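Student:
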Amino acid sequence: MKNSALLLFATILFSNTINAQLKTVKYTDGAQVLNGLSIKAAKKSSQNPGILLLPAWLGIDNASKQIAENLSKLGYTVFIADIYGEGNYPKNTTEAGKLAGYYKTNVTEYHKRINLALQELIKSGANADNIVAIGYCFGGTGVLEAARAHLNVKGVASFHGGLGKDAARAVEPITAKVLVCHGADDPYESAAEITAFQQEMRDSKADWQMIYYANSVHSFTNPEAGNDNSKGAAYNAVAAKRSFEHLQLFLNEVLKK
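Structure, rendered in structure tokens:
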């Protein structure tokens, strides 16, 4: 009971600490109101590097807030995108699956929502020509779409994201550098999808890298995903730490600071 109470207290304190650092930004897609979150870089830089963060399929969550705060401490201005919009936030994974599925199928709509968030990141102070997009799960799919759609980002980093795309879509050159951080035991990405993605990267002449993490399944960066790998989605502290370190190496290579 004592440990449970301490965990609850820590969770509340953690959430309040994060929320105190983030600013809600309202923006629109036509009549649709969107609610993103912005956080300024803790350290000023003449290069004003920015990071666009696309959250997982449930929308803006504690995991994405914590990552944004950590990145701000490293000197990046961060904007967390709201893809679904006010009045459309999923209440459960079933609803999230339907909403995410819509944007995966209607990729031009997804591209539009990502680009709108990108513009808000720039308005918040990031250098328009010094930005990387990162994403988790559904958001990991989104950043790959940002690269495919030639949005103005210097690189993209996808964490346990969906890799596939409609085979009928043409493969075009990809100029943004690509980092994919993937759970070696993720059951939601088939061998065929992984092979097709890697071939797409070769055909697009992309500068890409794909890193696998042992004993890791889907959602390995999210502390709220539990620790049961048999469910297909679970947190792995070692993989989460390693992947964040790989992200930092990627950012140091791609962005000017």
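Residue 11 is where the sequence shown starts when you use my numbering, and the numbers rise one by one after that. The beta carbon of each residue, even a glycine, is placed where N, CA and C say it ideally should be. As the structure is a prediction and not an experimental result, all values here were calculated from the model.
Could you tell me the distance, in whole angstroms, from the CA atom of F254 to the CA atom of E203?
Tutor: Their Cα atoms are separated by approximately 24 Å.
Student: With H, G and I counted as helix, E and B as strand and the rest as coil, what does DSSP make of G145?
Tutor: G145 falls in the strand class under three-state DSSP.
Student: For R158, does the count of other Cβ atoms within 10 angstroms reach 16, so buried, or fall short, so exposed?
Tutor: So R158 ends up on the buried side.
Student: Express the C-alpha separation of Y223 and K83 in angstroms, rounding to a whole number.
Tutor: Computed Cα separation, rounded: 26 Å.
Student: Suppose contacts are defined by Cβ-Cβ distances below 8 Å. Is E234 in contact with N72 by that definition?
Tutor: Yes. Within cutoff.
Student: In angstroms with no decimal places, state the Cα-to-Cα distance between L64 and F260.
Tutor: The straight-line gap from Cα to Cα measures roughly 17 Å.
Student: Taking the alpha-carbon positions, what's the K187 to K164 distance?
Tutor: About 6 Å.
Student: Since A136 and T87 should fall inside the 8 Å C-beta cutoff, what is the C-beta to C-beta distance between them, to a whole number of angstroms?
Tutor: That belief holds up - the Cβ atoms of A136 and T87 are roughly 5 Å apart, short of 8 Å.
Student: Are the region 95-112 and the region 50-57 in contact at 8 Å, needing three or more beta carbon pairs?
Tutor: Verdict: no, contact absent.
Student: Determine the contact status of L173 and F148, defining contact as a CB-CB distance below 8 Å.
Tutor: In this structure, F148 does not lie closer than 8 Å to L173 by Cβ.
Student: Less than 8 Å between C-beta atoms, sequence neighbours within five positions excluded: which residues of the same chain meet that for K215?
Tutor: Excluding residues within five positions, the ones whose Cβ falls inside 8 Å are P183, I184.
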